[in-house]
Amino acid sequence: MSNLAVNLALGLTEKSGVSRLTLTDFRNYAHLRINANLAPVIITGENGTGKTNILEAISFLTPGRGMRGARLADIKRITPALVTDEYSPTEIAAVNWAVSATVVKNNDETEIGTAVEKSAREEEDDIRSFDRRIVKINGQKTTSQSELGKYISAIWLTPQMDRLFRGGSQPRRSFLDRLVYAFDVEHAKRTANFEHLYKEWYQLLKNNGATGGRIDHGWLDSLEENMAGLGVAIAAARRELIARLNTFIEHEPDDVFPNVMLELDGSIEKLLDSMPAIDVEDHYRQKLCSQRRNVLYNDYVDGVNRTDFKVYYRRKHMPAELCSTGEQKSLLISIILAQTKCQTLDKGFSPVLLLDEVVAHLDDIKREALLEKIRELGIQAWITSTDAGLFKSLANDAQFLTVKNNAVFG
Ligand SMILES: Nc1ncnc2c1ncn2[C@@H]1O[C@H](COP(=O)(O)OP(=O)(O)O)[C@@H](O)[C@H]1O
Ligand SMILES: [Mg+2]
C-alpha cells in the first residue's frame, strides 16, 4: 500500500481511546475524574505533580503491572496523616485503589474497572493475605486480564525506556510481548501462564535441591509439557508480529524517525524456522527436562523466557544498542508509529499512546514531526511535559490539562 493510501485508510478509521478516566486513592489522587477527547491530551505541570501517575492509571486498563511495573501495594494513596509516628501498614492497607474508565472502540463504549482486592492463600499451614488485581468489564468480573485487549490497547514510552536497548533483555521482551497483545489477545494470557508455570517448576526444583527430598517427576513432566506447549505458541506469535512489522516498515518513509529492522534472538523462535511447531514442542519439552540441573547449578534456563528482541537502524545496518541516545529514542518512536499504523489498518482500531516526557528530549524538528504524525493519525495520545509552550502547533487539535495540588484543570 502506498503511503498516501495508508494515511487515507487511517483517516477513515473510527476513533478509539479513553473518554472518561476516574481514579480513586490512586497514587497522589484521592479522587480524580477526567473527561477526555479522542484526540491528543496534553498534560502539563511541575515535576512531581502527578502527570506520570495519570498515564500509569491508563496503562492499568491493559493486562500486566502497568507502565511502571509497580507492586500493587505501592499504588494505593499514602496520605500524610498515615505517615506519622502511628504509621501502621494495616491502616494503609485499608485504603484501596481503583481505576475506572469508559473506553471507546470504533464508537462502542465499554466500562472498565480495575482495583486491588485482598485475597488469602494457604501456605505451609499458614494463611497469608496478598493483593490481587481484579478487572471488571461492563460490571462483570472477568477471570482473565487478557480480555481487556478486546476493548483497548495502549503503547507507552517512558523515560526509563531510554535505556531499553542497553540493559538486560527482560524489558525488551516485555515491550515486544505488549506489541503482540494488540494482534493476539491470547498472548497476554499465555505469557502470564508461562511465567506462572515456570515459577512453579523452578521452585519445585530449587526446594527439592535444598532439602534433598524425593522429587515428584510426574509433576515436573506435566509442568514441562504445559510450558513447552505455551512456549511454542508464544514464540510463534512473536515471530508473526516481527514479520508483520518488518513487512509494513519496508513501505514506510525513512524520515526523521529512521526505519528499523526487527529481529528475534531466541532458541525456540529459531527452531520454528526449520521445524513444524509440533516437533519444536517436543524439542522444548526435552530441553526443559535436560535443564533441570541448571536450576541448581548455574540458574540459566534457556527458552522463550530468554528471547531477546533486536532492533537495527535499517539504513545504517547499526544495532540499536550502538546508536546514540537520541537515535535510540527516534528508533523507539519509529517502532511505536509503525505498530500504531499497522494495528489500525489490520485490526481496525488504534492504540492509545502514552508518551511520558517524550517531547522534551526531542529537537524542534523531531518534536514537530512527531506531533504532526499524531495529528495526522487522528489517534488519542496522552502526552506529558513540564512545558505547555512546546505544543503550540496542536492548539486547535489537542485538549490541554494542567496538574496542580493533586487535581487536574482543563
Ligand atoms: N502511593 C502513593 N501515594 C501518594 N502519593 C504518591 C504515591 N506514589 C507516588 N506518589 C507521589 O506522586 C508524585 C509523583 O507523581 P508523578 O506522576 O511521577 O509526577 P510527575 O508530574 O513528575 O510525572 C510524587 O510526589 C510522589 O510522592
Ligand atoms: Mg513524570
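Counting from 1206, one number per residue, gives the positions in the sequence shown under the numbering used here.
From the three backbone atoms N, C-alpha and C, an ideal C-beta is built for every residue, glycine too.
*In chain order, which continuous runs of the alpha helix (DSSP H) of length 4 or greater are located wholly inside the region 1239–1326?*
1256–1264, 1277–1280, 1294–1299
_Backbone CA spacing between VAL1564 and ILE1584 [nearest angstrom]_ = 17 angstroms
*Tell me, please, whether the region 1521–1535 touches the region 1362–1379 by the rule of three or more beta-carbon pairs shorter than 8 angstroms.*
yes
*Can you check whether the CB of VAL1465 is closer than 8 angstroms to the CB of TYR1518?*
yes
*What first and last residue would you give for the beta strand (DSSP E) that runs through ALA1482?*
It is not in any beta strand (DSSP E) - ALA1482 instead sits in the alpha helix (DSSP H) that spans 1482–1495.
*Got a sec? Which residues, its chain only, sit under 6 angstroms from GLU1429 by beta carbon, not counting five neighbours each side?*
ARG1490, LEU1493, CYS1494
*Have a look at LEU1381 and GLY1417 and give me their C-alpha separation to the nearest angstrom.*
39 angstroms
*Identified DSSP bridge partners for HIS1236*: THR1229
*asked:* Output needed for HIS1238: all residues of its chain with C-beta closer than 6 angstroms, excluding positions within five of it in sequence on either side, in chain order.
replied: It should be pointed out that residue 1238 corresponds to Arg in this sequence rather than to His. For ARG1238, where only same-chain residues beyond five positions count, the Cβ hits under 6 angstroms are THR1227.
*Between the region 1503–1519 and the region 1452–1470, are three or more C-beta pairs nearer than 8 angstroms?*
yes
*Status (buried if at least 16 other CB within 10 Å, exposed otherwise) for TYR1292*: With a pLDDT of 49 at TYR1292, under the threshold of 50, the predicted position of this residue should be treated as unreliable, and no value is reported.
_What does the alpha-carbon distance come out to for the pair GLU1151 and THR1549?_
Nothing about residue 1151 can be read from this structure; the chain reaches only from 1206 to 1615.
*asked:* My output table needs one value for GLY1222: the three-state DSSP class, helix, strand or coil.
replied: strand
*asked:* One question on the structure: do ILE1357 and VAL1557 come within less than 8 angstroms of each other, judged by their Cβ atoms?
replied: yes
*In terms of residue numbering, what span does the alpha helix (DSSP H) encompassing ASP1426 cover?*
1422–1455
*In whole angstroms, what separates the C-alpha of GLN1544 from that of LEU1384?*
7 angstroms
*Where do the N-terminal and C-terminal ends of the beta strand (DSSP E) with GLN1365 fall, by residue?*
Neither: GLN1365 is in no beta strand (DSSP E) and is coded neither H nor E.
*With DSSP as the reference, label THR1589 as helix, strand or coil.*
strand
*6 angstroms CB neighbourhood of GLY1318 in its chain, flanking five on each side removed*: SER1305, LYS1341
*asked:* Could you compute how far the alpha carbon of ASP1513 sits from the alpha carbon of ALA1525?
replied: 13 angstroms
*Would you say the beta carbon of GLY1255 comes nearer than 7 angstroms to a heavy atom of ligand 1?*
yes
*asked:* Closer than 7 angstroms to a non-hydrogen atom of ligand 1 - does that hold for the CB of ASN1252?
replied: yes
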